[in-house]
Amino acid sequence: MFENLCTLPLSSELFTQVTHPTEPILAVGLSGGHVESFRLPAVGGSSSDEDDADTSVISTGTSTIDTEWRTRRHKGSCRTLAYSGDGEVLYSAGTDGLLKAANSSTGQVMSKINIPFDFSGKLDPPTLIHALTPQTLLLATDSAALHLFDLRLASTLSPKPSQTHRPHDDYISSLTPLPPTETSTSGFSKQWVTTGGTTLAVTDLRRGVLVKSEDQEEELLSSVYVGGLPSRPGRSKGQKVLVGSSNGVLTLWERGVWDDQDERIIVDGGRGGGDSLDALVLMPEGVGDGGKNVVIGVGDGTIRIVKLGPNKVTVSLRHDEVEGVVGLGFDVEGRLISGGGSIIKVWQEKMNLEEESEEDDSDDESGAKKRSAAGSNSDDSDVESSEEEDRGRKSRKKRRKANRNKYVGSGIIGLKGLE
Numbered sequence: 001m002f003e004n005l006c007t008l009p010l011s012s013e014l015f016t017q018v019t020h021p022t023e024p025i026l027a028v029g030l031s032g033g034h035v036e037s038f039r040l041p042a043v044g045g046s047s048s049d050e051d052d053a054d055t056s057v058i059s060t061g062t063s064t065i066d067t068e069w070r071t072r073r074h075k076g077s078c079r080t081l082a083y084s085g086d087g088e089v090l091y092s093a094g095t096d097g098l099l100k101a102a103n104s105s106t107g108q109v110m111s112k113i114n115i116p117f118d119f120s121g122k123l124d125p126p127t128l129i130h131a132l133t134p135q136t137l138l139l140a141t142d143s144a145a146l147h148l149f150d151l152r153l154a155s156t157l158s159p160k161p162s163q164t165h166r167p168h169d170d171y172i173s174s175l176t177p178l179p180p181t182e183t184s185t186s187g188f189s190k191q192w193v194t195t196g197g198t199t200l201a202v203t204d205l206r207r208g209v210l211v212k213s214e215d216q217e218e219e220l221l222s223s224v225y226v227g228g229l230p231s232r233p234g235r236s237k238g239q240k241v242l243v244g245s246s247n248g249v250l251t252l253w254e255r256g257v258w259d260d261q262d263e264r265i266i267v268d269g270g271r272g273g274g275d276s277l278d279a280l281v282l283m284p285e286g287v288g289d290g291g292k293n294v295v296i297g298v299g300d301g302t303i304r305i306v307k308l309g310p311n312k313v314t315v316s317l318r319h320d321e322v323e324g325v326v327g328l329g330f331d332v333e334g335r336l337i338s339g340g341g342s343i344i345k346v347w348q349e350k351m352n353l354e355e356e357s358e359e360d361d362s363d364d365e366s367g368a369k370k371r372s373a374a375g376s377n378s379d380d381s382d383v384e385s386s387e388e389e390d391r392g393r394k395s396r397k398k399r400r401k402a403n404r405n406k407y408v409g410s411g412i413i414g415l416k417g418l419e
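Each residue of the sequence shown is one higher than the one before, starting from 1 at the first, in full-length UniProt numbering.
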C-alpha cells in the first residue's frame, strides 16, 4: 500500500512531530531541545538544480526535503508540538517548564509562559499540546494536570491557565478531541478524550471532567477518533475512539459509552503480550482502499495498518530495526509521515509512485542525485545532544512509571463566551 519515498536523519532523538494543516510542512521536536521545520518534497518527487546547490536540502535521489528553519527552542528536551488551526502559530513545550508560541514560517518566538508547577512546587514537564479552538489551547503534563489557556487575550498566550482539570492519576498520554454535535453553533470541539495510566476520561470545556472509565488493567498510550462507521440501532452510532495499549492490543470505545471498551483487536501478539502501540492516526479519505483504516506506530519499529470492519492487520511496514515509532501523521498531500529514533520517513502510496515512474520513463533517467545529510544541520548547541538524548530516553521511560496516587477530583468550572 505504501512505499518509502525518502528518509530524513535527525540530529538527536525524536520526541514529537506535527504536520502543518494546509502546507506540506513537518515540524519536529528533539531530545536536545531543538525544533526544526521542514518542507516536504512535492508530489512527483522532482528536484531542481537550485535545490541541489542548497546545503540545507536532504536529497534522496528523487525527492528533496528543505530545512525551513532550525533553533534550540528549549533548554531541556522538546516534549510536544502543535500548530494553530490556521497553521500560522507553532506551539512548543519542553522539560524546561516553558510553553512558547512562534511564527511557524520563521520560527521567531512571539510569546512564552511558565508551565504551572506540580503539587510539590517542582517543574511539571509537558506531555501534550492541542489547539482545541481558536480561543482555547490545551496543555497536559506529567502530573496529570490538564491546563486550558485562553487565547483571546491581548497576548498570544495568557500567563495563567483559565482552567485546570485532573482527569487521571497518571501522566496524560494522549488527547483526542470529539467532533462537535449537530446542535453546536460554533462548529468547534467542546469535549475531548484523554488517556492516562490505565484509564480513559472525557472532559468538557465548560463542565470539567464528565466521566472516567473503569481501570483497564493495561496502560493506555494513544488514541484517535473514527466516525462514519456502520451504525446499529440501539447499539452503535458509528462513532468510536480507538485506544492503543502497552501490550499490543487496540481497544474500541463507543462514543457516549465510556465506562468500558466494547471491542479488542490484537495488533501485536506474544506470549507475554505484544509491543506497545505508541501512535495512532486515521488514514484520510482518498488514501488507501477507501475503507476505514487506522495506522499504528509500534514499539518494535514497525507500522501496522488495521482495517476496521474485518478488524485485522492488513499491512506491516518497517520504520526502524531498533527504535519504536513514536510519531505518525499525514500531510496535506496524503503522504504518511513516521518518526522514531533519530529518523523521519515519508511514505507514498505505491500506486502513485508507479504512475509517476511511468511518466518519468519518458524523460531522461539521470535523476539520481544523492547527498549525505549527516551533520549538515549541526550547530554549536548540538555538542550536548548525546548526554541530553540519554536523559531524554530515561525521562520518557520514567513517565510510564509515574506515581498513580496523585489524583485530585475536578470541579465544574464555566467559561463564558464559548457557547
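All residues carry an ideal CB built from backbone N, CA and C; glycine is no exception. Just so it is clear, the structure is predicted and the values come from calculations on it, not from any experiment.
Skipping 5 residues on each side, what residues in its chain have a beta carbon closer than 7 Å to that of residue 397? Indexing the sequence shown from 1 puts residue 397 at position 397. Annotation note: pLDDT 47 at residue 397 (below 50); position unreliable, no value reported.
Once you ignore the five residues that flank residue 270 on each side, which residues in its own chain have a CB closer than 8 Å to its CB? Here the question's residue 270 lines up with position 270 in the sequence shown. Cβ within range, chain order: 248.
I believe residue 5 touches residue 335 by the beta-carbon criterion, under 8 Å. Please report the beta-carbon distance rounded to the nearest angstrom. What you label residue 5 is simply residue 5 of the sequence shown in a count that begins at 1. What you label residue 335 is simply residue 335 of the sequence shown in a count that begins at 1. Their Cβ separation, rounded to whole angstroms, is 7 Å, which keeps residue 5 and residue 335 in contact under 8 Å.
Enumerate, from N- to C-terminal direction, the unbroken alpha helix (DSSP H) stretches of 4 or more residues contained entirely within the stretch 168-228. none
For residue 344, tell me which candidate among 319, 91, 143 has the shortest Cα-Cα distance. By 1-based counting over the sequence shown, the position of residue 344 is 344. Ranking 319, 91, 143 by Cα distance to residue 344 puts 319 first.
Can you pull the DSSP bridge partners for residue 241? As a position in the sequence shown, residue 241 is number 241, starting the count at 1. The partner list for residue 241 (beta bridge, DSSP) reads 225, 253.
Below 6 Å CB to CB, which residues in the same chain sit around residue 211 once its five sequence neighbours on both sides are set aside? Translated into the one-based positions of the sequence shown, residue 211 becomes position 211. Closer than 6 Å at Cβ, skipping near neighbours: 202, 258.
Whose C-beta lies closer than 6 Å to the C-beta of residue 161 among residues of the same chain, with five residues either side of it excluded? Numbered from 1 along the sequence shown, position 161 holds the residue referred to as residue 161. Sequence-distant Cβ neighbours of residue 161 in its own chain, meaning closer than 6 Å and more than five residues away, are 147, 148, 149.
Specify, as a first and last residue, the run of the beta strand (DSSP E) that residue 27 falls within. The residue you call residue 27 lines up with position 27 of the sequence shown. 25-30 is the extent of the beta strand (DSSP E) around residue 27.
Could you work out which residue in 215, 104, 173 is closest to residue 261 when comparing CA atoms only? Here the question's residue 261 lines up with position 261 in the sequence shown. Taking only the C-alpha atoms, the option nearest residue 261 is 215.
Which partner residues does residue 8 have in the DSSP bridge list? As a working mapping, residue 8 is identified with position 8 in the sequence shown. BP columns for residue 8 point to 344.
Residue range of the unbroken beta strand (DSSP E) whose run includes residue 149: On the sequence shown, position 149 is the one that residue 149 refers to. Per DSSP, residue 149 belongs to the beta strand (DSSP E) from 146-150.
In this structure, how does DSSP classify residue 389 when only helix, strand and coil are distinguished? Residue numbering aside, residue 389 sits at position 389 when the sequence shown is read from its first letter. Reliability of the predicted coordinates at residue 389 is poor, the pLDDT of 46 falling under 50, and no value is obtained from them.
CA nearest to the CA of residue 80, picked from 317, 18, 117, 13: The residue you call residue 80 lines up with position 80 of the sequence shown. Of the listed residues, the one whose Cα sits closest to residue 80 is 18.
To which residues of the same chain is residue 1 closer than 7 Å at the C-beta, ignoring the five residues directly before and after it? Within the sequence shown, numbered from 1, the residue matching residue 1 stands at position 1. Closer than 7 Å at Cβ, skipping near neighbours: 288, 305, 315, 349, 350.
Output the distance between the C-alpha atoms of residue 42 and residue 64, rounded to the nearest integer angstrom. Reading the sequence shown from its first residue, position 42 is the one you call residue 42. Reading the sequence shown from its first residue, position 64 is the one you call residue 64. Residue 42 and residue 64: Cα-Cα distance of roughly 8 Å.
Taking all protein chains shown into account, do 16 or more other C-beta atoms lie within 10 angstroms of the C-beta of residue 45, making it buried, or fewer, making it exposed? For this step, residue 45 is matched to residue 45 along the sequence shown. With a pLDDT of 45 at residue 45, under the threshold of 50, the modelled position of this residue cannot be trusted; read the value that follows with caution. Buried: at least 16 other Cβ atoms inside 10 Å.
My output table needs one value for residue 292: the three-state DSSP class, helix, strand or coil. Within the sequence shown, the letter at position 292 stands for residue 292. The answer is coil: DSSP assigns residue 292 none of H, G, I, E or B.
Considering Cα atoms alone, identify which of 297, 111, 310 is closest to residue 425. The displayed coordinates of the chain run from 1 to 419. Any statement about residue 425 would go beyond what the structure contains.
Can you tell me the Cα-Cα spacing of residue 245 and residue 325, whole angstroms? Here residue 245 refers to the residue found at position 245 of the sequence shown. Here residue 325 refers to the residue found at position 325 of the sequence shown. Looking at the two C-alpha atoms, the distance is approximately 14 Å.
Would you mind reading off the limits of the beta strand (DSSP E) that contains residue 130? As a first step, residue 130 is located in the sequence shown; it is residue number 130 there, counting from the start. Element bounds for residue 130: 126-133.
For residue 98, which option in 180, 111, 322 has the closest C-alpha, if you only look at C-alpha atoms? Start at 1 with the first residue of the sequence shown, and residue 98 comes out as number 98. Answer by Cα proximity: 111.
Would you list the residues sitting across from residue 42 in a DSSP beta bridge? Within the sequence shown, numbered from 1, the residue matching residue 42 stands at position 42. BP columns for residue 42 are empty, so no partner.
Distance CB(residue 178)-CB(residue 193) smaller than 8 Å: Here residue 178 is taken as the residue at index 178 of the sequence shown, counted from 1. Here residue 193 is taken as the residue at index 193 of the sequence shown, counted from 1. Yes.
Assuming residue 323 and residue 301 form a contact by the criterion Cβ under 8 Å, report the distance between their Cβ atoms to the nearest whole angstrom. For the purposes of this step, residue 323 is identified with residue 323 of the sequence shown, where counting begins at 1. For the purposes of this step, residue 301 is identified with residue 301 of the sequence shown, where counting begins at 1. Yes, residue 323 and residue 301 are in contact; Cβ-Cβ is about 6 Å, under 8 Å.
Closest residue to residue 142 among 134, 254, 129, 151 (Cα-Cα distance): Here residue 142 corresponds to residue number 142 of the sequence shown, with the count starting at 1. Closest in alpha carbon position to residue 142, among 134, 254, 129, 151, is 129.
With a CB to CB cut of under 8 Å and the five nearest residues on each side skipped, what residues in its chain are close to residue 272? Translated into the one-based positions of the sequence shown, residue 272 becomes position 272. Closer than 8 Å at the Cβ level, and outside the excluded window around residue 272, lies no residue.
Look up residue 75 in the DSSP assignment and say whether it is helix, strand or coil. If you number the sequence shown from 1, residue 75 lands on position 75. Coil, per DSSP.
Starting from the Cα of residue 208, find the closest Cα among 189, 172, 83, 165 and give me that residue. Counted from its first residue, the sequence shown places residue 208 at position 208. When only C-alpha atoms are compared, the closest one is 165.
Which of helix, strand or coil DSSP assigns to residue 350: As a working mapping, residue 350 is identified with position 350 in the sequence shown. Three-state DSSP puts residue 350 in a helix.
Looking only at its chain, what residues have a beta carbon closer than 8 Å to the beta carbon of residue 127, apart from the 5 residues adjacent to it on each side? By one-based count along the sequence shown, residue 127 stands at place 127. Contacts found: 79, 80, 140, 141, 142, 171, 172, 173, 399.
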